[in-house]
Structure formats: C-alpha cells, structure tokens
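Quick note: UniProt numbering has the sequence shown finishing at residue 391, numbered continuously throughout. For glycine and all other residues, C-beta sits at the position ideal for the given N, C-alpha and C.
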Amino acid sequence: TEHFPAMVRLAPLRRGYVLLLAEDVSGPQRLEATRRDFTANISHELKTPVGAISLLAETLASHPDNPEAVAHFSGQLLKESARLTNLISDIIDLSRLQAPGVLEAPKVVNIDQVIGQAVEASALTGKANGIEIVVGQPSNAMVLGDFDLLTTAVRNLLDNAIRYSEPNTKVSVAATLEDDLVRINVVDQGIGIAPEEQERIFERFYRVDPGRSRAKGGTGLGLSIVKHVAAKHGGTVSVWSRLGRGASFTLVLPAAPQTLTGEAGTVTEA
Ligand code: ADP
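If you want it as structure tokens, here you go:
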C-alpha cells in the first residue's frame, strides 16, 4: 500500500455480494511510510562511518609504538568523524524541511549576500580541489524567505559542482532577476549526469556513483535539501547536463514584492 494512494479492500457480504471499501492513504499513512523509509535509510547510512570509526580506533590501539601508523590512522579517524558530523547535520536539516507547513517569519533576503556567503563557505573546498569559483554580476535580487536555508541550498550546489569536477576547472555562480522571478545558476565543467539519472538525483540518498560521493565527503542528501528549500520558498530546482559535459543547476524563486524591497532593491520593510 505504500505505493498506492488508495487502498482497496473487498469485504464479503452474505448472499454472494461484495462490498468495495476504498480508503484514502495519500495523507497521513503515506507520510508515515515515507518516514519509515527515511529512518531505514538513515540507519543504513550511519552504519558506514560508525563502523569505520570503531575499526580505525581498534587499529590505532594496536599500533601504539608506530608514530607513522598513529598519524595515518588518526587522520582517517578525523575524516570519518567529520563525515558523520556532516551526515547528522544534513539529516537534521532535511527532517526539519520535510515537516509540513510554511516558513516561519520570512524576511527580505538579498540574494547577492546569499551567494557571497555560500561562496565563502565553499571556497576552501574549491581551493583544496584546484577549482576556481567565479561569481557573476550582482543581481540586486530579493527573495522573501530564510537567509540560512537559501545559503545552505546554494552551498550544496557549489559543493556538488566542486565534488564532481576535475582540478583546474571552473565553477560559476550567478543570479538574475527577470520580471518577478529570481534565477540562481550554478554551472560546472565536471563529469556531468546522464539524462536517465537526472530525476533520481533529487531523491534522498540517491547517488549515481556512491563510491565517488562518499570519497569526496558527500552524504547523498544535498540535492534533496536543495529541493525542499526551493519548495519552502515557492520555487523549484532543475538541472541541465550531459555525461562528460558538466552540469548546470538552476534554482528559480519568486522575487520579493516591490512593496517590500523599494525601487532600487533596498529593504524598506521586513
Ligand atoms: P551527494 O552528497 O552524493 O553529492 P546529492 O544529493 O548532493 O548527494 O547529489 C546526488 C547525486 O547527484 C550525487 O551523488 C552525484 O551522483 C549527482 N550529482 C549532484 N551534483 C552533481 C554535479 N554537479 N555533477 C555531477 N553529478 C552530480
């Protein structure tokens, strides 16, 4: 019944008649099934870093007199615990975003500042991977919403662009304001995504190449978080890509009404 919005039961009656009972399970029961799937996936995903951490701790304990081994395995241990921390923080973000309801206390958010903050957060990873992040012209675009959530969304797109690119390539990010829509575009020159995978990548924990994702610190939740942030702001996220030809992700959000932002895009009221 998890995959069918309506559950149909046949109730036998006397004298050869049957009563057809249809129960709508598209609401709370479907939500419950989704929650169960998510919990099962989480337990599975947590087992990988937790297993690695206990194995590394054991290995470390058995090499107390070998400084090289100690340095190597403690480095690995730190990497695995960082992975666990990222995973937990993505799980918490996603659980909050999955809760039904609209954003609490939305404010006028300057999209150029969102991009600035996201670039700052991703810059180190970019540098470590030999990737230059290029920022487009200021858009003066404003959106009614949550600064931190929007920054997380743009940061996730940037981190992915870096994660799935080779060194000495560029990642660019730019926003444009057209009529009453704000477009934030993140483009890379990386490995790309085959058309048949493009819908699935927004699902929780779906990865085209789980090995590469994990090795580069991915949690499998980044795009799912982006999709939920877009939805909470009344917007969408989409991708254009071909294998080996990079990827271009676009977040489209409704612009904040002019009455809230003033003529030159300055905030007059929150
Ligand atoms: P992950 O933590 O694995 O990156 P995401 O939800 O952010 O999880 O992305 C899901 C999958 O989509 C990734 O594992 C990867 O296979 C693919 N993907 C996402 N962004 C890109 C990109 N810019 N280029 C190529 N593949 C990408």
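As assigned by DSSP and simplified to three states, the class of residue i
i	result
LEU205	helix
ALA391	Confidence at ALA391 is low in this model, with a pLDDT of 43, below 50, so its placement is unreliable and the value that follows should be read with caution. ALA391 falls in the coil class under three-state DSSP.
THR340	coil
SER164	helix
SER175	helix
SER243	helix
PRO188	helix
VAL230	strand
ILE252	coil
ASN289	coil
GLU299	strand
PRO259	coil
VAL329	coil
VAL360	strand
LEU265	strand
ILE314	coil
ARG304	strand
SER369	strand
LEU224	coil
PRO149	helix
ALA376	strand
LEU381	helix
Any non-hydrogen atom of the ligand ADP closer than 6 Å to residue i Cβ
i	result
GLY356	no
ASN250	no
GLY365	no
ALA368	yes
ILE322	yes
SER359	no
ARG204	no
GLY339	yes
ALA282	yes
ARG217	no
ILE163	no
ARG328	yes
ILE305	no
LEU152	no
LEU344	yes
GLN334	The residue asked about is misnamed: residue 334 is Ser in this sequence, not Gln. Answer for SER334: yes, Cβ within range of the ligand ADP.
ASP309	yes
ALA312	This sequence places Ile at residue 312; Ala is not what is there. At least one heavy atom of the ligand ADP is nearer than 6 Å to the Cβ of ILE312, so yes.
Close-in-space but distant-in-sequence residues of the same chain around residue i (CB under 6 Å, 5 per side omitted)
i	result
ILE254	VAL240, GLY247, VAL292
PHE370	LEU278, VAL307, VAL360
THR297	SER260, ARG304
Contacts around residue i, its chain only, beta-carbon distance under 7 Å, and the 5 residues preceding and following it disregarded
i	result
GLY367	VAL308, ASP309, GLN310, GLY311, GLY313
GLY365	ILE312, GLY313
ASN231	MET263
PRO378	none
VAL235	PHE268, LEU271, THR272, VAL275
LYS337	ARG284
Nonlocal neighbours in the same chain, by C-beta distance under 8 Å from residue i, ignoring five residues either side
i	result
LYS228	LEU265, GLY266, ASP267, PHE268, ALA391
VAL191	LEU181, HIS184, PRO185
ASN162	ARG325, PHE326
VAL171	LEU205
ALA249	none
GLY237	VAL256
SER288	Sequence check: residue 288 is Pro here, not Ser. Excluding positions up to five away in sequence, the list reads ASN250, GLY251, ILE252.
PRO331	GLY341
Supposed close pair residue i, residue j - CB separation, criterion 8 Å
i	j	result
ALA173	GLU201	5 Å
LEU302	ALA376	6 Å
VAL294	GLY257	7 Å
GLY339	ARG328	7 Å
ALA353	LEU218	Note that residue 353 is Lys in the sequence shown, not Ala. Going by Cβ atoms, the distance from LYS353 to LEU218 rounds to 6 Å, so yes, they are a contact pair.
ILE252	THR290	6 Å
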